[in-house]
Each structure stands twice: as C-alpha cells, then as structure tokens.
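Asker:
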Amino acid sequence: MSTIIIAFNNTDIAFNISPEPSMEAVPSSQLYYTVCLLSLHNHHNFLINQFHKRMISLRVPAPSSFNLQRLNSQALERRWRLGRDCFLSFSPSCVENRIGLGVRSTKSEMAPFTAAEEETLPEGLQPELMPKHVAVIMDGNGRWAKIQGLQPWDGHRAGVEALREIVELCGKWGIQVLTVFAFSTDNWIRPKIEIDFLLSLFERTLKSELETLAKNNVRISIIGDSSKLPKSLLEVINEVEEVTKNNTRLQLIVAVGYSGKYDVLQACRGIAQRVKDGEIDVEEIDEGLIEQELETNVTEFPYPDLLIRTSGELRVSNFLLWQLAYTELFFAQELWPDFGRNGFVEALMSFQQRQRRFGGRKS
Amino acid sequence: MGGEVRQLLEQIHRFSRRCLFRVLSMGPLPTHLAFIMDGNRRYAKKRGLEDGSGHKAGFSTLMSMLQYCYELGIKYVTIYAFSIDNFRRKPEEVQSLMDLMLEKIKSLLDKESIVHEYGIRVYFIGNLGLLNDQVRAAAEEVMKATAKNSRVVLLVCVAYNSTDEIVQAVKRSCVDKADRDTERIQLVDIEENMQMSVAPEPDILIRSSGETRLSNFLLWQTGNSQLFSLDALWPEIGLRHLVWAILNFQRSHSYLEKRKKQL
Numbered sequence: 001m002s003t004i005i006i007a008f009n010n011t012d013i014a015f016n017i018s019p020e021p022s023m024e025a026v027p028s029s030q031l032y033y034t035v036c037l038l039s040l041h042n043h044h045n046f047l048i049n050q051f052h053k054r055m056i057s058l059r060v061p062a063p064s065s066f067n068l069q070r071l072n073s074q075a076l077e078r079r080w081r082l083g084r085d086c087f088l089s090f091s092p093s094c095v096e097n098r099i100g101l102g103v104r105s106t107k108s109e110m111a112p113f114t115a116a117e118e119e120t121l122p123e124g125l126q127p128e129l130m131p132k133h134v135a136v137i138m139d140g141n142g143r144w145a146k147i148q149g150l151q152p153w154d155g156h157r158a159g160v161e162a163l164r165e166i167v168e169l170c171g172k173w174g175i176q177v178l179t180v181f182a183f184s185t186d187n188w189i190r191p192k193i194e195i196d197f198l199l200s201l202f203e204r205t206l207k208s209e210l211e212t213l214a215k216n217n218v219r220i221s222i223i224g225d226s227s228k229l230p231k232s233l234l235e236v237i238n239e240v241e242e243v244t245k246n247n248t249r250l251q252l253i254v255a256v257g258y259s260g261k262y263d264v265l266q267a268c269r270g271i272a273q274r275v276k277d278g279e280i281d282v283e284e285i286d287e288g289l290i291e292q293e294l295e296t297n298v299t300e301f302p303y304p305d306l307l308i309r310t311s312g313e314l315r316v317s318n319f320l321l322w323q324l325a326y327t328e329l330f331f332a333q334e335l336w337p338d339f340g341r342n343g344f345v346e347a348l349m350s351f352q353q354r355q356r357r358f359g360g361r362k363s
Numbered sequence: 001m002g003g004e005v006r007q008l009l010e011q012i013h014r015f016s017r018r019c020l021f022r023v024l025s026m027g028p029l030p031t032h033l034a035f036i037m038d039g040n041r042r043y044a045k046k047r048g049l050e051d052g053s054g055h056k057a058g059f060s061t062l063m064s065m066l067q068y069c070y071e072l073g074i075k076y077v078t079i080y081a082f083s084i085d086n087f088r089r090k091p092e093e094v095q096s097l098m099d100l101m102l103e104k105i106k107s108l109l110d111k112e113s114i115v116h117e118y119g120i121r122v123y124f125i126g127n128l129g130l131l132n133d134q135v136r137a138a139a140e141e142v143m144k145a146t147a148k149n150s151r152v153v154l155l156v157c158v159a160y161n162s163t164d165e166i167v168q169a170v171k172r173s174c175v176d177k178a179d180r181d182t183e184r185i186q187l188v189d190i191e192e193n194m195q196m197s198v199a200p201e202p203d204i205l206i207r208s209s210g211e212t213r214l215s216n217f218l219l220w221q222t223g224n225s226q227l228f229s230l231d232a233l234w235p236e237i238g239l240r241h242l243v244w245a246i247l248n249f250q251r252s253h254s255y256l257e258k259r260k261k262q263l
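So the protein sequences, as listed, match chains A and B. Sequential numbering from 1 applies to the first sequence in the numbering used here. Sequential numbering from 1 applies to the second sequence in the numbering used here.
1. So the candidates are B:17, B:90, B:86, B:30; which of them puts its Cα closest to the Cα of residue 206 of chain B?
2. Looking only at its own chain, which residues have a Cβ that is under 7 Å from the Cβ of residue 71 of chain B, when we skip the five neighbours before and after it?
3. Against residue 336 of chain A, what residues of chain B qualify as contacts under a CB-to-CB distance less than 8 Å, listed in chain order?
4. Listed from N- to C-terminal order along the chain, which residues in the stretch 137–160 of chain A have their beta-carbon within a distance smaller than 8 Å of any beta-carbon of chain B?
5. Could you work out which residues of chain B lie near residue 327 of chain A, taking near to mean beta carbons separated by less than 7 Å?
6. What's the gap between the Cα of residue 269 of chain B and the Cα of residue 196 of chain B?
7. In this structure, does DSSP put residue 217 of chain B in helix, strand or coil?
8. Do three or more CB pairs link the stretch 280–290 of chain A to the stretch 170–179 of chain B at distances below 8 Å?
9. Can you give me, in chain order, the residues of the stretch 59–86 of chain B that have a beta carbon less than 9 Å from any beta carbon in chain A?
10. Does the distance from the CB of residue 327 of chain A to the CB of residue 307 of chain A come in under 8 Å?
11. Helix or strand or just coil, what does DSSP make of residue 344 of chain A?
12. With the cut-off set at 8 Å, would you say residue 219 of chain A and residue 179 of chain A are in Cβ contact?
13. Between which residues of its own chain and residue 354 of chain A is the CB-CB distance below 6 Å, once the five residues before and five after are set aside?
14. For residue 173 of chain A, which residues of its own chain have a beta-carbon under 7 Å away from its beta-carbon, when the five flanking residues on both sides are left out?
15. Buried or exposed: residue 245 of chain B, going by 16 or more other Cβ atoms within 10 Å of its Cβ?
16. Check whether the Cβ of residue 174 of chain B lies closer than 8 Å to any Cβ atom in chain A.
17. Based on Cα-Cα distance, which residue from A:356, A:358, A:347 lies nearest to residue 125 of chain A?
18. Check each residue of the stretch 248–261 of chain A: if its Cβ is closer than 7 Å to any Cβ of chain B, include it; give the result in chain order.
19. So who's on the other strand from residue 157 of chain B, going by DSSP bridges?
20. Going by DSSP, what residue range makes up the beta strand (DSSP E) through residue 219 of chain A?
21. Whose Cβ in chain B lies nearer than 8 Å to the Cβ of residue 265 of chain A?
22. Is it buried or exposed, residue 110 of chain B, if we count other Cβ atoms within 10 angstroms and call 16 or more buried?
23. Residue 322 of chain A versus chain B: which residues are under 9 Å apart at the beta carbon?
24. Are there three or more Cβ pairs, one per stretch, closer than 8 Å when the stretch 153–173 of chain B is compared with the stretch 118–130 of chain B?
25. Using the Cβ count rule (16 or more neighbours within 10 Å means buried), how would you classify residue 208 of chain A?
26. Only counting the same chain, and skipping five residues up and downstream in sequence, which positions put a Cβ closer than 7 Å to that of residue 155 of chain A?
27. Please report the distance separating the alpha-carbon of residue 149 of chain B from that of residue 248 of chain A.
28. So, with DSSP's three-state summary, where would you put residue 140 of chain A?
29. Given that a residue counts as buried once 16 or more other Cβ atoms are within 10 Å of its Cβ, and exposed if not, what is residue 221 of chain B?
30. Does any CB atom of chain B fall closer than 8 Å to the CB of residue 290 of chain A?
31. For residue 118 of chain A and residue 171 of chain A, I'd like the C-alpha separation in whole angstroms.
32. Taking a Cβ distance cut-off of 9 Å, strictly less, list which residues of the stretch 216–246 of chain B are near chain A, in chain order.
33. With three or more beta-carbon pairs closer than 8 Å as the criterion, would you say the stretch 131–144 of chain B touches the stretch 200–218 of chain B?
34. Relative to the C-alpha of residue 164 of chain A, which residue among A:228, A:318, A:136 is closest?
35. Report the three-state DSSP secondary structure of residue 248 of chain B (helix, strand or coil).
36. Just to make sure I have the definition right: I need the residues of chain A whose C-beta is within less than 9 Å of the C-beta of residue 45 of chain B. Which are they?
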C-alpha cells in the first residue's frame, strides 16, 4: 500500500500520496490509490473510491464540533478508513500540533463534501457524446459484503452510497435519465429477512433523500409490479413521485419488482383490453403501440443508450428487454459498491468510442 | 499427391478436434448457441477485397462453426443472418445479400450439404413476407425438406427483429384471448406465440467484430444468456473462439446452477 502524508490548513485537507518505491516506475495514469479513513466510532470499515490522481483536496465547511483522538506519534503516515457517511471535522488548533484527525459519524449535520473537479466533465469525455439515458444493474452488494467480512445488509447500504454518487454525477454531467435495477421479480426468492431489509432500506432511503432530490431538481419514478410491495412503501413511493414530478434536471427511474418480460406482458394485457374495448384494431398493433404501453413510458427517452452491469456477470438478467434493442452494453468487473466515479467514467469513455449504426451502414 | 496430403491433414484435424471435444464434454455443454455474424464487410475492406467477398468468407466461416457445434453435440444453433433494419442499406447491397442468400439456401438442399451430413432441421425465423418471392420460396422449401430431421436444429433469423417478433406474438395473443378475460393473458401465452418457441433459450450469445450490443436480436430469449463480444471479425472467427466461449460458460455454469436451484 502506498503511504499517505496528511497536511492541512484551516479548512482544506490535502492528501499527498506518493507511491511506494517499487511502484515508482509505473506511469501515474495506471496507479491506483485507495484512500481510506478509520471510523473511530462505529468501527465500520468502508473503502471509498480509488483515485488516479496523487493530490486530492477535500474541502469541508467550517466545523461545528470535533472529536480529537491522539494517534500514534511515531509516524505521520497513517492509513485511514472512512465510512461513506463519515467525514472529517476538526478545529484549527490541530493544525500546529499535527496530532491527528477525529472522525465523526453522522449524516445530516454537514453537507457531503465533493471534490473540486466534479463541476466539469472529466478529461476525455465529450459533452456532445454523453448518453441521454443510462441504465445500471447494481450487482455485487452481497459478494462485496462477504469479501469485507460484513453482513449482506451492510453491502446493500454501501450500495446505496455508491448509487448516491452516480446520481450526483449524472445530474452534473447532463445525463437526463438514469434507470436502476433495484429489485427484480427473480429476487423474491431471497430469504425473507433480506427482502424485508431491502424494502425497508429502500423506504428509508426514499424518505431521507426526498429533500435532497427535490432541491437538486431530480424527478423520481418507480416502475415495476407494485402488487407485492408493503403498503407503507407504496405510500412513500406515491408521495415521492408526486413531490418530484415536475423536476427536470434528471429523471431517476427505480425498477422495483420489475422484469423485462413482465413489462411486455403488462403492455400486452393493456393492448388486449383496448382491442376488446374496440378502441384499436388488432391489425393496428405495432411497435409504437407497445412502446406506449410499457412502463418506461414515464420518460421521454425510454431506450437506454448505455447499460452498465457490475460484478463481472455477462448477462442482462431480464432487467430491461424491449428497451435494450440498440443499447450499448458495458460489463464492469468491479462489484457495485466499488464501482464509483472511476468505473462510471470508464464506462462512459467506452460508450463514446463506440460506433452506433442501428442496423444501417456507416457511409 | 497434394490432395492426399490435404486429406490426411483433414483427418488429423478431425481427430484432434474429436479429442478436444471429448475433453470439453466432460463439463456441462450449452444446448443452444446463438451467433451475431458481424464484420463481414469490414473484413473485405481490411483485406482489400471487393465487397461481396466478405459475405462469402463469412458464409464459409459459418459452415465451419456449424460443423464444430454439431460435432461437439450442441443441439440448437441460431444465427442472425439479416435484420429488418438491414433493409435500410443501399439497394444494391441489399440485393446482393439477397442473391447470396438465395444461392446458399438452395445449396442447403444439395445431397452433399451440411444439412444431410448432420441431419439438421432448418427453420427460417422472421417476417418472411418482407423477402422477395424467390428467397421466401426457397426458404420454405428447405424447411419442408428438413422437417423430418431431428438430430440437430439450425435457426436462421432472416428479415428478423426481436421487437417485430414480439409484436406478432402480442397480436396473436390478443386474437387468441379475444373472447376471454384479458387479465388471464400469461407469459406462456405470449411465449408460445413467439416464432423462436421451437427452441429453448440460448445459453450463449456470441457477437463478433467487437460491438457489445444486441441489435434487436433475441431480446426476449437472451435474458439469462451469457453474452460474449469477440473482437475478431466474423470471417476471422474460428474453433479457438468457440472453445474459449464454452470454457467460460462452464466456469460460470456451476454458480448459475446453484442460483437456479434456489428458484
């Protein structure tokens, strides 16, 4: 592991990462650093993003309180692990002493920090080639938790944090629709305790994120078979959809209890009913009609330009079906909680290099 | 003398292939393989040949791949020969493709063709009404002639789009259930009206030429298929690619079987 030297002034914390001697020969674009900070309170160890750059500045607003912890004074070099909902708070008086950093674990008291480079597109990505609609299969939470030695629900929680990051990036980079596969019709076979946790996590996340989403002009739509979902969740879903329905910056479509075949089936039923009612003739059934009846009609761009699946599985798993006819597929090796910004950039770069011909010829 | 050497080499190849396939069949084998044969024209351009020869080279690659698949014991092979979207190409190209298809479809009826060698039952899947009369007639003749074969199956998707297939199936379901309660329409009702219902779902879908997309091919059937995107252009595809795909399939198969058992 590379060494981390921490230096800070009043409000900036700069991590200066230098590679180990054995890694000096590797070009910097290929070096990965994992920066982690210990959560001294809840002992949860989460790995945050891997950074390409050596110098990361995190700007945090003026702290309201801090927790000082004396650390091993042998070395300034320290390896820290940071939970996604942990951040650094400190007082100016530590600066001289270089004693250490306290870590406080709480979600709501401070706004989450964002690195300065997020405001513009990263180098290499062209704004005119950004996909309008990105779909994501967030696979690998369970495996990630197992590798970390945690429970499956910790994996799902880490997954929510990863999703939050991607949603933020989509909003910043001009992607207009993001569809995520939260829960499939096939997932109903999982143990009840996991399903209950997942659904309640979903409910809690929706409730807690509602304000942030509304403030950031994000519209939420839920698609899928809602008949099996608990009533409390359905109420929250209705509320969230109602409150955000006029937002325009990013549409976040969450697929819960959804599968591609189910979607086509319910479209078929809807069409059959319209035929029965005499509204349309059987001969008039065409692709446009089915498109209208699919649940993805909640958006202007129902067809994803790019589908990303994490965890290395080379399958679509009946996520979307009809909508994927011409979608570019990207399979990422990382597990979902590790995917983050870098994985997303890699997927977008791959997408921008592809030539889409839709069955025709590039003249 | 040259002919004998060639024959000998061919025998050696066949023998070593048989050994290789015997090793492969120690593990699970896919029942159904699907191919998107992309990259013929790029191949011709790369080699500086004229346009049509890319497709001809692609056809001979197809014959080899079919041979390998059936020798290995894979029962169903589906190929994406011509998409409804491809009609949008230049009329000359479409016409030359149709001519090539007509020639090759007719050749399937020959006594020496691969159809007779392996006892292949051939299906032509797609909106055949969009084809010209000659091609359609030839296709129907081949389907009729091979209807009694049962060892292995070849499904040729021509004038095909997955969305079109689904539309046709939805239409038929609506007609079937016109007199009954529409809520009763189930997944099986749509599925049995799909043209591809004559085969199980593909275990593996292989696309050549490096593109990683489905291009409106078997959307309904590939929900759980393993998708492989190979960089090689279709005429460059060979035995090693098939073996690689099958080895990868075998690697993930045990994990998938465990999950299927949960279902």
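Cβ coordinates follow ideal geometry from the N, Cα and C atoms, glycine included.
Answerer: Quick look at the numbers:
1. Your numbering for residue 206 of chain B matches position 206 in the second sequence. Ranking the options by Cα distance to residue 206 of chain B, first place goes to B:30.
2. The sequence position of residue 71 of chain B within the second sequence is 71, counting from 1. Hits under 7 Å: 17, 21.
3. Your numbering for residue 336 of chain A matches position 336 in the first sequence. Correct list: empty, because the minimum Cβ distance to chain B is about 17 Å.
4. none
5. Translated into the one-based positions of the first sequence, residue 327 of chain A becomes position 327. Residues of chain B passing the Cβ test: 213.
6. Nothing about residue 269 of chain B can be read from this structure; chain B reaches only from 1 to 263.
7. As a working note, residue 217 of chain B is residue 217 in the second sequence. Residue 217 of chain B: coil per DSSP, three-state reduction.
8. yes
9. 83, 84, 85, 86
10. Locating residue 327 of chain A in the first sequence gives position 327, counting from the first residue. Locating residue 307 of chain A in the first sequence gives position 307, counting from the first residue. Cβ atoms of residue 327 of chain A and residue 307 of chain A: closer than 8 Å.
11. Along the first sequence, read from residue 1 onward, the residue named residue 344 of chain A stands at position 344. It is helical.
12. As a first step, residue 219 of chain A must be located in the first sequence, where it is residue number 219. As a first step, residue 179 of chain A must be located in the first sequence, where it is residue number 179. Not a contact, by the Cβ cut-off of 8 Å.
13. If you number the first sequence from 1, residue 354 of chain A lands on position 354. Same-chain partners within the cutoff: 328.
14. Start at 1 with the first residue of the first sequence, and residue 173 of chain A comes out as number 173. Cβ within range, chain order: 121, 130.
15. For this step, residue 245 of chain B is matched to residue 245 along the second sequence. Residue 245 of chain B should be labelled buried.
16. Counting from one through the second sequence, the residue named residue 174 of chain B turns up at place 174. Yes, residue 174 of chain B lies at the interface with chain A (some Cβ there is under 8 Å from its Cβ).
17. Numbered from its first residue, the first sequence carries residue 125 of chain A at position 125. Measuring from the Cα of residue 125 of chain A, the nearest candidate turns out to be A:347.
18. 260, 261
19. Translated into positions along the second sequence, residue 157 of chain B becomes position 157. Residue 157 of chain B is bridged to B:80, B:125.
20. Residue mapping note: residue 219 of chain A aligns to position 219 of the first sequence, counting from 1. Counting along the chain, the beta strand (DSSP E) containing residue 219 of chain A begins and ends at 218–223.
21. Counting from one through the first sequence, the residue named residue 265 of chain A turns up at place 265. Chain B residues near residue 265 of chain A: 185, 186, 187, 190.
22. The count along the second sequence starts at 1 and reaches residue 110 of chain B at position 110. Classification of residue 110 of chain B: exposed, given that the 10 Å Cβ count is below 16.
23. Sequence index remark: in the first sequence, residue 322 of chain A carries index 322 (1-based). In chain order: 162, 163, 166, 219, 220.
24. yes
25. As a working note, residue 208 of chain A is residue 208 in the first sequence. With fewer than 16 other Cβ atoms within 10 Å, it is exposed.
26. Locating residue 155 of chain A in the first sequence gives position 155, where the first residue counts as 1. The residues are 141, 142, 144, 145, 337.
27. As a working mapping, residue 149 of chain B is identified with position 149 in the second sequence. As a working mapping, residue 248 of chain A is identified with position 248 in the first sequence. Cα to Cα, residue 149 of chain B sits roughly 58 Å from residue 248 of chain A.
28. Along the first sequence, read from residue 1 onward, the residue named residue 140 of chain A stands at position 140. Note: residue 140 of chain A maps to coil in three-state DSSP.
29. Against the second sequence, residue 221 of chain B aligns to sequence position 221. Flag for residue 221 of chain B reads buried.
30. Taking the first sequence and counting its residues from 1, the one referred to as residue 290 of chain A is at position 290. Judged by the 8 Å Cβ criterion, residue 290 of chain A is in contact with chain B.
31. Within the first sequence, residue 118 of chain A is the residue found at index 118, counting from 1. Within the first sequence, residue 171 of chain A is the residue found at index 171, counting from 1. Only weak support exists for where residue 118 of chain A lies, its pLDDT of 40 falling under 50; the coordinates are left without a value.
32. 216, 217, 219, 220, 222, 223, 224, 225, 226, 227, 228, 229
33. no
34. Mapped onto the first sequence, residue 164 of chain A falls at position 164. Cα-wise, what sits closest to residue 164 of chain A is A:136.
35. Along the second sequence, read from residue 1 onward, the residue named residue 248 of chain B stands at position 248. It is helical.
36. Along the second sequence, read from residue 1 onward, the residue named residue 45 of chain B stands at position 45. Residues of chain A passing the Cβ test: none, with the nearest at roughly 11 Å.
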